[in-house]
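2 protein chains.
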Amino acid sequence: MKLEKRTRSYNDACGTAHALDLIGERWALLVIRELMLGPKRFSDLKADLPGISANVLTQRLEGLEATGLVRRRRLPPPGVAQVYELTDWGYEAEPIVQALGRWATRSPAHDPRLPLSATSLMLSFRTMQAPERVAGLAATIGFRIGDQHLVARIADGRVHTERGDPDGADLILTGAAEAIAALVYGHVPLEALTAAGALTAEGDTALAATFATLFPLPPKVGSESVAQ
Amino acid sequence: MKLEKRTRSYNDACGTAHALDLIGERWALLVIRELMLGPKRFSDLKADLPGISANVLTQRLEGLEATGLVRRRRLPPPGVAQVYELTDWGYEAEPIVQALGRWATRSPAHDPRLPLSATSLMLSFRTMQAPERVAGLAATIGFRIGDQHLVARIADGRVHTERGDPDGADLILTGAAEAIAALVYGHVPLEALTAAGALTAEGDTALAATFATLFPLPPKVGSESVAQ
DNA sequence: CGGCATCCGGGAAGATACTG
DNA sequence: CAGTATCTTCCCGGATGCCG
């Protein structure tokens, strides 16, 4: 284990270029994305980042820790596990994640049916919500995705998402993130997903249809923009 | 010339991940940044991107053209040159460039005295302007940076930047982008820069000091955020 | 000169196996 | 569970050279 010389830099005073020096390496921003809802353990990060290898994840975490975006913390006695969490500055990267996400959904090549992590799904709710559709609504929807428990709270004209106990929510959806994405973004009816065994719904199942209207996708890039 | 198999993908339905599939390769976003103010020729791109090699620039332009972000256009007869320009969708990436730039200026490692392109400087004015400081002002500042002519128009509570003829501006600054950055972000007085021969000012030179107050940098990340 | 293709060396990423 | 070690592959960066 030798001291690394610093990663090759763009050597550019432009803030954008410096940002790429910090988080431009492959996987770096997706690691940050996965920590956006709170601390995670190494193995959870690895499981939620389809395709990353252990050594690359180790390198990214080391790098992000060195630049002050990620902090390593040992959990209190009950569990011996250690977790990685974003620093305040790390959390401030959320607008970047959102700007990228919003922009890329216009891509003709974007396939919303690919694998999806629970964190990505929750962040997409933050990004894609349409204020004029959310206005006046009040509800709480709980999610059980694998062993992750999450909540979307609709209030004050905004959809708030966070980790939390789904119990007591008006509607609780249990299933894979991809199935919930099919409901919200693919506009597959809840009944079709429950019938297929992809999703389980408890509570106010009619709420699901309303929820699915809150996150309209921007129009795909049309031929007028791409053709020469 | 064989058909390339498409670049390795994150294979993730998350919009952020797809954005990285599109513009996550090294240099890609900086190429887009350099085209943000309008079309450029290959050699201008190469000159304005310190450190990029010709073959990598070729690859990036091919890739960006294939994804529909960049268009290649042959200029009308007077010049045989061809230029690269962003598509509408490509221009829509500006919020990404801005989010990255704004976020990265908080980095302790950010050195604003590194080389800087004229385009980066103009975009930084868009990004970093403080509306409460711009309010009520009206002025036009012209820039001659190398052979590039640019204008910043202060009106309607906003700073607008674009390519344009500096003649007739209230103040015209001639010099390297780094010198103008020293004025605006380094708060080096205009007199010091003109005395050193780094900058030439014509017109309302007092305007320079006002202009330099319009773009406050956010506070650097402090020890409270980085320390464990 | 502008716009590439080609070859090469170094280094980062990916896959797998292995260890405390 | 949380990484390390090793090997292979591929990308990046630099140099050169071709061709209009």
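Protein chains in written order, with our numbering: chain A, 275 to 502; chain Y, 275 to 502.
Glycine included, every Cβ here is placed at the ideal spot set by N, Cα and C.
If the five residues before and after ALA455/Y are omitted, its C-beta is found closer than 7 Å to the C-beta atoms of PRO386, LEU390 and LEU395, all from its own chain and listed in chain order.
Note on the segment 432-470 of chain A: whole beta strand (DSSP E) runs with a minimum of 3 residues are 432-437 and 445-449, in chain order.
Residues of the segment 359-381 of chain Y with a C-beta atom less than 9 Å from some C-beta of chain A are THR361, ASP362, TRP363, GLY364, GLU366, ALA367, PRO369, ILE370, VAL371, GLN372, ALA373, LEU374, GLY375, ARG376, TRP377, ALA378, THR379, ARG380 and SER381, listed in chain order.
For LEU304/A, the nearest CB of chain Y lies under 8 Å from its own CB, placing it at the interface with that chain. With fewer than 16 neighbouring CB atoms inside 10 Å of its own CB, SER317/A falls in the exposed class. LYS494/Y counts as exposed, since fewer than 16 other C-beta atoms from the protein chains shown sit within 10 angstroms of its C-beta. Around the beta carbon of GLU406/Y, a 10 Å sphere encloses fewer than 16 other beta carbons of the protein chains shown; the residue is thus reported as exposed. Chain order gives no chain A residues near ASN329/Y, where near means a beta carbon separation below 7 Å; the closest approach is about 17 Å. C-alpha of ASP478/Y to C-alpha of ALA321/Y: approximately 32 Å in a straight line. ALA291/A sits away from TRP377/Y, with the two beta carbons spaced by 8 Å or more.
Among the residues of chain A, those whose CB is under 8 Å from the CB of ALA455/Y are ALA287, following chain order. For the beta strand (DSSP E) assignment, the uninterrupted runs of no fewer than 3 residues enclosed by the segment 355-426 of chain Y are, from N- to C-terminal side, 356-360 and 413-419. For ARG348/A, there are no C-beta contacts with chain Y under 8 Å, since the nearest C-beta of that chain is about 10 Å from it. As the crow flies, the alpha-carbon of LEU311/Y is around 6 Å from that of GLU436/Y.
Listed in chain order, the non-local C-beta contacts of ALA413/A below 7 Å within the same chain comprise ILE428, ASP444 and LEU481, local neighbours out to five positions each way being set aside.
Leaving aside the five residues that flank PRO492/A on each side, the residues in its chain whose CB is nearer than 8 Å to its CB run, in chain order, ARG376, THR379 and ARG380. The beta carbon of ILE419/A lies closer than 6 Å to those of ALA392 and ALA451 in the same chain, with the five residues before and after it left out.
For GLU336/Y, there is no enclosing beta strand (DSSP E); the enclosing alpha helix (DSSP H) covers residues 328-340.
Neighbourhood of VAL495/A in chain Y, by CB distance below 7 Å: GLY342 and TRP363, in chain order. The Cβ-Cβ distance between LEU349/Y and ALA340/Y does not fall below 8 Å. Counting along the chain, the unbroken alpha helix (DSSP H) around ALA302/A starts and ends at 302-309. Shown here, ALA482/A sits in a helix according to DSSP, grouped into three states. The beta carbon of ASP385/Y sits closer than 8 Å to some beta carbon of chain A. In the three-state reduction of the DSSP assignment, GLY289/Y falls in the helix class, which pools H, G and I. Using beta-carbon distances, SER317/Y does not count as an interface residue toward chain A, since no partner is under 8 Å. Per DSSP, reduced to three states, the secondary structure at LYS494/A is coil, with no helix or strand assignment. A straight-line Cα-Cα distance of about 42 Å links GLN372/Y and GLU465/A.
Under the DSSP assignment, LEU473/Y falls in the beta strand (DSSP E) whose first and last residues are 473-477. At least one beta carbon of chain Y lies nearer than 8 Å to the beta carbon of LEU390/A.
Judged by DSSP secondary structure, LEU319/A falls within the alpha helix (DSSP H) whose first and last residues are 316-322. Shortest Cα-Cα distance from ALA367/Y to any of PRO369/A, ALA367/A and LEU374/A involves LEU374/A. In terms of beta-carbon proximity, PRO324/A lines the interface with chain Y, with at least one pair separated by less than 8 Å. In the assembly as shown, ASP430/A is an exposed residue. Its beta-carbon has fewer than 16 other beta-carbons within 10 Å.
Residue environment for ARG347/Y: exposed (fewer than 16 other C-beta atoms within 10 angstroms of its C-beta). Between PRO324/Y and VAL357/Y, the CB-CB gap reaches or exceeds 8 Å.
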